[in-house]
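Asks: Attaching a single structure in C-alpha cells format; questions to follow.
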Amino acid sequence: MAGKDGTILIAGERAVCDQRGVLFFPDLGLLAVSDLHLEKGSSLARRGVLLPPYDTAATLLRLQAIIADYNPRMVISLGDSFHDSEGSARLPDPFRDRLCAMMAGRDWFWVAGNHDPDAPAGLPGETVRELAIGGLVFRHEPSAVPVAGEIAGHLHPCARIVQRGRSVRRRCFASDGDRLVMPAFGSYTGSLNVLDRAYAGLFRWDAFVAYMLGSSRIFAIAGSMLRPG
Amino acid sequence: MQHDAAALLPERFVKWFSERGWAPRPHQLELLSRVQTGSSVLLIAPTGAGKTLAGFLPTLTDLEHRPRRRPGEARRGIHTLYISPLKALAVDIERNLTKPVGEIGLPVTMETRTGDTPTHKRQRQKLVPPDILMTTPEQLALLIAASDAQRFFEDLRYVVLDELHSLVTSKRGHLLSLGLARLRRYVPSLQAIGLSATVAEPDELRRWLVGQNPPGEMADLITVAGGAKPEITILDSEEHVPWSGHSARYATPEIYDAVKRHKTTLLFVNTRSQAELLFQELWRVNDDNLPIALHHGSLDVAQRRRVEKAMETNSLRAIVATSTLDLGIDWGDVDLVVHVGAPKGASRLAQRIGRSNHRMDEPSRAILIPANRFEVLECRAALDANYLGAQDTPPLVDGGLDVLSQHVLGCACGAPFYSDDLFEEVRSAAPYANLDRATFNRVVEFVATGGYSLKSYERYARIRRTKDGAWRVSNPRIAQQYRLNVGTIIEIPALNVRYVKAGSKGSASRGGPVLGKIEEAFLETLTHGDTFMFAGKVLRFEGIRENECFVSNAPGADAKVPYYGGGKFPLSTYLAEQVRAMIADPARWKNLPDQVADWLRIQAEKSVLPRRQDLLIETFPRGERHYMVAYPFEGRLAHQTLGMLLTRRLERAGARPLGFVATDYAMAIWSLGDMGQMFKRGRPSLGQLLDEDMLGDDLEAWLADSWLLKRTFRNCALISGLIEKRHPGQEKSGRQVTVSADLIYDVLRSHEPDHILLQATRADAATGLLDVRRLAEMLSRIRSRIVHKDLERISPLAVPIMLEVGKMPVHGEAGDSLLTEAADLVEEAMG
Chain A
468 MAGKDGTILI AGERAVCDQR GVLFFPDLGL LAVSDLHLEK GSSLARRGVL LPPYDTAATL
528 LRLQAIIADY NPRMVISLGD SFHDSEGSAR LPDPFRDRLC AMMAGRDWFW VAGNHDPDAP
588 AGLPGETVRE LAIGGLVFRH EPSAVPVAGE IAGHLHPCAR IVQRGRSVRR RCFASDGDRL
648 VMPAFGSYTG SLNVLDRAYA GLFRWDAFVA YMLGSSRIFA IAGSMLRPG
Chain B
3 MQHDAAALLP ERFVKWFSER GWAPRPHQLE LLSRVQTGSS VLLIAPTGAG KTLAGFLPTL
63 TDLEHRPRRR PGEARRGIHT LYISPLKALA VDIERNLTKP VGEIGLPVTM ETRTGDTPTH
123 KRQRQKLVPP DILMTTPEQL ALLIAASDAQ RFFEDLRYVV LDELHSLVTS KRGHLLSLGL
183 ARLRRYVPSL QAIGLSATVA EPDELRRWLV GQNPPGEMAD LITVAGGAKP EITILDSEEH
243 VPWSGHSARY ATPEIYDAVK RHKTTLLFVN TRSQAELLFQ ELWRVNDDNL PIALHHGSLD
303 VAQRRRVEKA METNSLRAIV ATSTLDLGID WGDVDLVVHV GAPKGASRLA QRIGRSNHRM
363 DEPSRAILIP ANRFEVLECR AALDANYLGA QDTPPLVDGG LDVLSQHVLG CACGAPFYSD
423 DLFEEVRSAA PYANLDRATF NRVVEFVATG GYSLKSYERY ARIRRTKDGA WRVSNPRIAQ
483 QYRLNVGTII EIPALNVRYV KAGSKGSASR GGPVLGKIEE AFLETLTHGD TFMFAGKVLR
543 FEGIRENECF VSNAPGADAK VPYYGGGKFP LSTYLAEQVR AMIADPARWK NLPDQVADWL
603 RIQAEKSVLP RRQDLLIETF PRGERHYMVA YPFEGRLAHQ TLGMLLTRRL ERAGARPLGF
663 VATDYAMAIW SLGDMGQMFK RGRPSLGQLL DEDMLGDDLE AWLADSWLLK RTFRNCALIS
723 GLIEKRHPGQ EKSGRQVTVS ADLIYDVLRS HEPDHILLQA TRADAATGLL DVRRLAEMLS
783 RIRSRIVHKD LERISPLAVP IMLEVGKMPV HGEAGDSLLT EAADLVEEAM G
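If you read the protein sequences in the order shown, they are chains A and B. According to the working numbering, the residues represented by the first sequence are 468 to 696, in order. According to the working numbering, the residues represented by the second sequence are 3 to 833, in order.
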C-alpha cells in the first residue's frame, strides 16, 4: 500500500507516485513521465478539428513546475512524447527553448513510442527503445507477459469508483507491486479504464492497486473496488 | 372580418366542405385571405381549432389552379415546406392531410424527410421534389448545406411552422431561424405561416416569422379565442398525501378507478422514471386486465410505434406518457387527461390538457394528481392560472453563438459567402437581430481557424477567404464532416438495453430484443445484480459490453436502484409566484385539501408563514448537525446554484457546511457550526450572506470548476463543431484516443478565458443549468425582506426537504472526498 505521500515499492525500488501524474525515484534521482503527446492539438488541426492550440504550452508548464520541485538528475520521457512523427518538427520555437531549458544540466532520455518511433527533430537528449536501470526496465508498451520491474506507459490508465451513488473517474498509476503502468501526462490525452481488455494478463489481480490522481494527493484503491467504464 | 367562403375558396373546396356538412372556420378563411395578399401570418389557436388545415389552405388552394406539368417541362421544386419539432408529428400531419387532398381530388404530392428517411428516398426527393415536403429543423439545415440548395428551393412559396411556441425557445429554434433567413435570401417573396398554441408574448413570435429588416417587422396575427373551459379537478385523495417524493404511488387505486370510468385516458408524468413507476403500479392493481400502455422517448422505436398504432385504433384504455406525446399529435378518442406530479408551468398544463377531447367546443376533462404536499399547492396555483388563461412560456433569449457557428459552416458548405451579405442575412433572423458585427466576425474566425489569439492554425483553416473576397470550404471533407454533426440536440451518451438470460452477461449468445436506451451515466453506477425499472419491467443488471447493456428479467423483484428522482422541468416563475401568494393568504386555503391546509396552519403556529414577497429562512439543530432551510420557490436549478454559492460563503464564515440539497421549492444546508447563532449575531448577517454580490466573484470562482459549466461547454463545443459527435460504432476506437471536452475546457479557460466559445458557454449557463438570471431576480427581490426564524426543532414546512436529505445525491465538488472515503475503506480493511 502507498503511504499518504504516494510512496510505493516497485520490484523493491522506492518510488513516489506524484498526484500530478509523474513517478519519482528518490534513491536514483530519476523522474519518469509518460505520454506527453506534445502537439496533439496541431496534429488534430491538420484534420480540421481545431482544438485550442495551447496543449503543448499547458503540458510543458506543468512539467516545468514538477522538474523544478524534484530537480532530478535524470528524466525519462516514456514514449509518445510527441503525438505524431512530425510533431517535434512542428514544435514552435518558444516551446523548443523552454524544453531545452528544462533538459539542461540533467540526463534526458526519449523512449521511442508508437506515435513517435524516431528521435525528435532538433532536440537534445538520447533516444532509446528501452532503458534498464538497476532492477527496473523502462519501455513504452508494456510487455504482454509479467516482467518484474517494468515501468511502461502507452495504455493511459484510469480507474473509476462508485461511492454513494456517484461515480469518480481519474487517471491512475496501475501496479501490482512488480510492474507499473504510468498515467498519460499530456493535456489532451484521454484515458482507458484499467478493467479494459487491453490490460488483461498484465497484472497479478489479487495484488492490483490503482493509484488514482486526486487534486492534492494520491488515492490507493484496491482492484476489487473498481468499476468498468 | 367575415369572409365569403365561395369568394376565397375554389369550387372543389367549397363542395368538399359542404358535402361533409362543414363550413370553413372564420380563422381559416382569414388566414387564407391574409396570405393571398402576400403577408406572413401567425395563427394562435387552441388545440382542435383546425390549425393544420388552416396552415395548409393557402398551399392547397394555390396548387389547385396550377396547370399540370407537361411532359418534357422542367420539374418543379418544393412549393411548401412544413417544419415540425417532432419527426412523429411530420409523419402524422402527412397522414392527416392525405385524406382531404384525396377527397378534394387535388394533384398534390407530399412526402416526409426526417432522420429516418432512407438515402435512396432522399436522393429521389432531390431529383423529383414533392410539392409539400414535411421535415424537421435539422433536415432543413442539411438541405441548406447542400450545393444544390438554391435550385432546390427556388420555387418555394410558403413555409409552415407547426408548434412554433415550442420550437422558438430552444437552440433548435435558433438554428431554424437562421435556416429561414437563408430561405428568404433564396426566395425574397417567401411567406411564413406560424401555427402556435397560446403564448405570453405573441409579438415575439410575429417578429420571429419575418425578416427583421427593418427591425421590428412583424407577421400578421390571427388569434382564435379558447374553446370551452376545461373541467379540471385536483384529486382530493382519501389517502395521506406524502410529504415528499414524486411517485404519487398513494393515488394509484384512485387513478385506476378514473381509468375504468373513461373510454381512453392519457396519463402524463414529468419524467421517464415516473412513467415507469406509474405503469408498474397501475398493472399491480389492474384486476380487469385493461389494456394500459407505456410511451416514453427512451423506449425502442418499434415499441413506441406499436403503442401509437394501438392508440390510433382506440384499442387502449390508458397510456402512460412523458413529453414525447406532448405536442399536437392527434390520436384516438381521449376523454380524460390525468396529470401525475405537478405540471411545473401553467402553459404546459394547458397544452397537455388540450390532448383530451379534440373538439374545440366541448370541455376537456382533466385530473391533477399532486405527488406531495408542495405539489398540491402548485397544482392549485396551476389550476387557478388555467382558469385565468395565464401564460408563462419562457421569454426568448438571444441566439446562441455556437448555433451560429454551425450555421456559418453550413452556409459555406452550400455555397461561397461574402461576410457582409451573410451578416445582414443573419441579423434578419429575430434571435440574432442584436448581433454586432465584431461578434459575427469572431464567429467566422472561429469557424475558419478556431478563432484563437495564437494564430497557429491558419494553414489548417476549414473555410478560407479567396481573392474575390468570398469564404469557401477549404476541402470537400469539411462538408462531409459537417453533415455528420449537424443539429443542436445533444444526445446524452446512451447504451442499448438488451435482454439476455439471467447470469449470461451476454457473452455466450447475442441475446434477446433491444428494449430501448438508457444514459451511460446511470448505468455506470450499477453493479451486477442491481435491479431497476425500465420498459415497464423490473430488470436485473447483468453487465455492459461495448455499447450494449445486458439485462435479464427480474419479475416480482423490487427495483432497488431508483432512477433520477425529481421532476425534469423547473417550476416556472409564474407558478412560483402563485404558490407563494397562496401560502401567504389563509383565505385561499379553503380550496386546499384539509390535510394540506392543516399543514400550513401548524406551520404558522410552530414557525411562521412567509409573506408573498419575503424569503423565509429557518435554522434548527437536528442530530449532531445544524440545518438552514430557505424557501425561495424559484425552481430546482436556481436553488442548486444558490446552494453551491451559500455553501462557499458559509465555509468562509466558519460554519463548516457539510452539504446541501435543493428541490423546486426549498434549499437546505447542513453544517457542524450553529448557523442560527451566527445569523443572530450578524456574523454573518443573512443580508450579507444573501447579498447580490455573490453573483460576482463567488460565482466566477465556483463556475470555473463546476461540472455544470463543463457540461454546458461540452454542448457548445459539439454544436459549434469544435469537437465531433460520437457516432454509433465509434465507441470501440478507445477512450484514450478521444479528447474529452473537459480537458479542452481546462486548457482553454487557463489560456484564453475570453474565447468566443467560453463566452457562449457562460451565456448558456446563465439561462440554462444554473438559472443565474432567476437567482439574480430573486436576490434583488428579497433584499431586506429576509425573515429569519431560529427554531428548536424542524418545522412542518421543512419536513419535505429534510426527507430529501440523504436520498438525493449531494452536489458539490465531492470527487476527492468520495475518493478519500473509498481509500479509507481500503485502508481500514487492509489494516
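For every residue, glycine included, the Cβ atom is placed at its ideal position computed from N, Cα and C. Since we're looking at a predicted model, the values are computed, not measured.
Based on Cα-Cα distance, which residue from B:ASP289, B:ALA414 and B:ASN316 lies nearest to LYS262 of chain B?
Replies: Counted from its first residue, the second sequence places residue 262 of chain B at position 260. When only C-alpha atoms are compared, the closest one is B:ASP289.
Asks: According to a CB-to-CB cut-off of less than 9 Å, which residues of the stretch 509-521 of chain A neighbour chain B?
Replies: For chain B, the residues of the stretch 509-521 of chain A that bring a beta carbon within less than 9 Å of one of its beta carbons are SER509, LEU511, ALA512, ARG513, ARG514, GLY515, VAL516, LEU517, LEU518, PRO519, PRO520 and TYR521, in chain order.
Asks: Shorter than 8 Å from the beta carbon of ALA588 of chain A to some beta carbon of chain B?
Replies: Numbered from 1 along the first sequence, position 121 holds the residue referred to as residue 588 of chain A. With 8 Å as the cut-off, ALA588 of chain A does not count as an interface residue toward chain B.
Asks: Mapping DSSP to helix, strand and coil, what is THR138 of chain B?
Replies: Taking the first residue of the second sequence as position 1, residue 138 of chain B is located at position 136. Correct three-state label for THR138 of chain B: coil.
Asks: Classify ASP485 of chain A: buried if its beta carbon has 16 or more other beta carbons within 10 angstroms, exposed otherwise.
Replies: Here the question's residue 485 of chain A lines up with position 18 in the first sequence. Buried, by the Cβ-count rule.
Asks: What residue does the alpha helix (DSSP H) around ASP205 of chain B start on, and which one ends it?
Replies: Here residue 205 of chain B refers to the residue found at position 203 when the second sequence is read from its first residue. Per DSSP, ASP205 of chain B belongs to the alpha helix (DSSP H) from 204-211.
Asks: If you reduce the DSSP assignment to three classes, tell me which class SER735 of chain B lands in.
Replies: If you number the second sequence from 1, residue 735 of chain B lands on position 733. Reliability of the predicted coordinates at SER735 of chain B is poor, the pLDDT of 45 falling under 50, and the value obtained from them is presented with this limitation in mind. SER735 of chain B: helix per DSSP, three-state reduction.
Asks: Do MET570 of chain A and ARG637 of chain A count as a contact pair if the criterion is CB distance below 8 Å?
Replies: Along the first sequence, one-based indexing puts residue 637 of chain A at 170. Along the first sequence, one-based indexing puts residue 570 of chain A at 103. The answer is no: Cβ separation not under 8 Å.
Asks: Which residues in the same chain as ILE546 of chain B place their Cβ atom closer than 8 Å to its Cβ, once the five residues preceding and following it in sequence are excluded?
Replies: Within the second sequence, residue 546 of chain B is the residue found at index 544, counting from 1. In the same chain as ILE546 of chain B, and ignoring 5 residues on each side of it, the C-beta atoms closer than 8 Å to its own belong to LEU497, LEU525 and PHE552, in chain order.
Asks: Where does LEU284 of chain B sit, in a helix, a strand or coil, going by DSSP?
Replies: If you number the second sequence from 1, residue 284 of chain B lands on position 282. Residue state, collapsed to three classes: helix.
Asks: Any beta-carbon of chain A closer than 8 Å to the one on GLY452 of chain B?
Replies: Counting from 1 along the second sequence, the entry for residue 452 of chain B is found at position 450. Nearest CB-CB separation between GLY452 of chain B and chain A: below the 8 Å threshold.
Asks: Let me know if ILE321 of chain B comes out buried or exposed under the rule of 16 or more other beta-carbons within 10 Å of its beta-carbon.
Replies: Within the second sequence, the letter at position 319 stands for residue 321 of chain B. Buried, by the Cβ-count rule.
Asks: Please identify the residue among A:LEU497, A:VAL676, A:SER548 and A:ASP560 whose C-alpha is closest to the C-alpha of ILE600 of chain A.
Replies: Locating residue 600 of chain A in the first sequence gives position 133, where the first residue counts as 1. Of the listed residues, the one whose Cα sits closest to ILE600 of chain A is A:LEU497.
Asks: Consider the Cβ of GLN630 of chain A: report whether some Cβ of chain B lies at a distance smaller than 8 Å.
Replies: Walking along the first sequence from the start, residue 630 of chain A turns up at place 163. Yes, because at least one Cβ of chain B sits closer than 8 Å to the Cβ of GLN630 of chain A.
Asks: Excluding sequence positions up to five away, which residues of its chain have a Cβ less than 6 Å from the Cβ of VAL110 of chain B?
Replies: Position 108 of the second sequence, counting from 1, holds the residue named residue 110 of chain B. If we look at VAL110 of chain B and ignore the five residues flanking it on each side, its Cβ neighbours are LEU65, VAL103 and ASP133.
Asks: Against PRO695 of chain A, what residues of chain B qualify as contacts under a CB-to-CB distance less than 7 Å, listed in chain order?
Replies: For the purposes of this step, residue 695 of chain A is taken as the residue at position 228 of the first sequence. The answer, in chain order, is ILE546.
Asks: Are three or more beta carbon pairs between the stretch 505-514 of chain A and the stretch 545-560 of chain A nearer than 8 Å?
Replies: yes
Asks: Rounded to whole angstroms, what's the CA-CA distance from ALA588 of chain A to ASP547 of chain A? Just pull it up for me.
Replies: Looking up residue 588 of chain A in the first sequence gives position 121. Looking up residue 547 of chain A in the first sequence gives position 80. Distance from the CA atom of ALA588 of chain A to the CA atom of ASP547 of chain A, rounded to whole angstroms, is 14 Å.
Asks: Using the Cα positions of LEU495 of chain A and ALA664 of chain B, report the straight-line distance between them to the nearest angstrom.
Replies: If you number the first sequence from 1, residue 495 of chain A lands on position 28. If you number the second sequence from 1, residue 664 of chain B lands on position 662. Taking the straight line from one Cα to the other gives about 53 Å.
Asks: Within 10 Å of its beta-carbon, does LEU674 of chain B have 16 or more other beta-carbons around it, so buried, or fewer, so exposed?
Replies: Numbered from its first residue, the second sequence carries residue 674 of chain B at position 672. Answer is exposed; the Cβ neighbour count stays below 16.
Asks: Please report the distance separating the alpha-carbon of PHE543 of chain B from that of GLU522 of chain B.
Replies: In the second sequence, counting from the first residue as 1, residue 543 of chain B sits at position 541. In the second sequence, counting from the first residue as 1, residue 522 of chain B sits at position 520. One C-alpha to the other measures close to 13 Å.
Asks: Residues of chain B with CB under 8 Å from TYR655 of chain A, in chain order?
Replies: One-based indexing of the first sequence puts residue 655 of chain A at position 188. The answer, in chain order, is VAL741, LEU745, ILE746 and VAL749.
Asks: Can you tell me whether DSSP reads LEU268 of chain B as helix, strand or coil?
Replies: On the second sequence, residue 268 of chain B is found 266 positions in, with the first residue counted as 1. LEU268 of chain B: strand per DSSP, three-state reduction.
Asks: Among the candidates B:GLU203, B:GLY40, B:GLU380 and B:LEU793, whose CA atom is the shortest distance from the CA of GLU579 of chain B?
Replies: Here residue 579 of chain B corresponds to residue number 577 of the second sequence, with the count starting at 1. Nearest option by C-alpha distance: B:GLU380.
Asks: Note down the Cα distance separating TRP672 of chain B from HIS628 of chain B, rounded to an integer number of angstroms.
Replies: Locating residue 672 of chain B in the second sequence gives position 670, where the first residue counts as 1. Locating residue 628 of chain B in the second sequence gives position 626, where the first residue counts as 1. About 5 Å.
Asks: Given that GLU726 of chain B touches chain A, what residues does it touch there, using C-beta distances under 9 Å?
Replies: Along the second sequence, one-based indexing puts residue 726 of chain B at 724. Under the 9 Å cutoff, chain A gives VAL516.
Asks: Residues of chain B with CB closer than 7 Å to the CB of GLY580 of chain A, please, in chain order.
Replies: Counting from 1 along the first sequence, the entry for residue 580 of chain A is found at position 113. Near GLY580 of chain A there are no residues of chain B at all, since even the closest Cβ is about 13 Å away, more than 7 Å.
Asks: Return no unless some Cβ of chain A is closer than 8 Å to the Cβ of GLU620 of chain B.
Replies: Translated into the one-based positions of the second sequence, residue 620 of chain B becomes position 618. By this cut-off, GLU620 of chain B is not an interface position.
Asks: Quick one: complete beta strand (DSSP E) runs, 3+ long, within the stretch 557-634 of chain B?
Replies: 617-624 and 627-632
Asks: So ARG479 of chain B contacts chain A; which residues on that side make the cut at Cβ distance below 9 Å?
Replies: In the second sequence, the residue the question calls residue 479 of chain B occupies position 477. Within chain A, the residues ARG514 and GLY515 have their CB atoms less than 9 Å from the CB of ARG479 of chain B, given in chain order.
Asks: Who are the Cβ neighbours of GLY471 of chain B in its own chain at under 7 Å, not counting the five residues just before and after it?
Replies: The residue given as residue 471 of chain B occupies position 469 in the second sequence. Excluding sequence neighbours, GLY471 of chain B sits near TYR420.
Asks: Taking 8 Å as the threshold (beta carbon to beta carbon), is ILE688 of chain A in contact with chain B?
Replies: The residue you call residue 688 of chain A lines up with position 221 of the first sequence. It does: the Cβ of ILE688 of chain A has a partner Cβ on chain B nearer than 8 Å.
Asks: Chain A partners of ALA825 of chain B, CB-CB under 7 Å?
Replies: One-based indexing of the second sequence puts residue 825 of chain B at position 823. PHE686, ALA687 and ILE688, listed in chain order.
Asks: Does any C-beta atom of chain B lie closer than 8 Å to the C-beta of ALA524 of chain A?
Replies: Taking the first residue of the first sequence as position 1, residue 524 of chain A is located at position 57. Yes, ALA524 of chain A lies at the interface with chain B (some Cβ there is under 8 Å from its Cβ).
Asks: Going along the chain, which residues of its own chain have a beta-carbon closer than 6 Å to the beta-carbon of MET696 of chain B, five neighbours each way excluded?
Replies: Looking up residue 696 of chain B in the second sequence gives position 694. The beta carbon of MET696 of chain B sits closer than 6 Å to those of LEU647, all from its chain and outside the five residues before and after it, given in chain order.
Asks: When the Cα atoms are used, what is the spatial distance from PRO216 of chain B to PRO345 of chain B?
Replies: In the second sequence, residue 216 of chain B corresponds to position 214, counting from 1. In the second sequence, residue 345 of chain B corresponds to position 343, counting from 1. Approximately 39 Å, taken between the alpha carbons.
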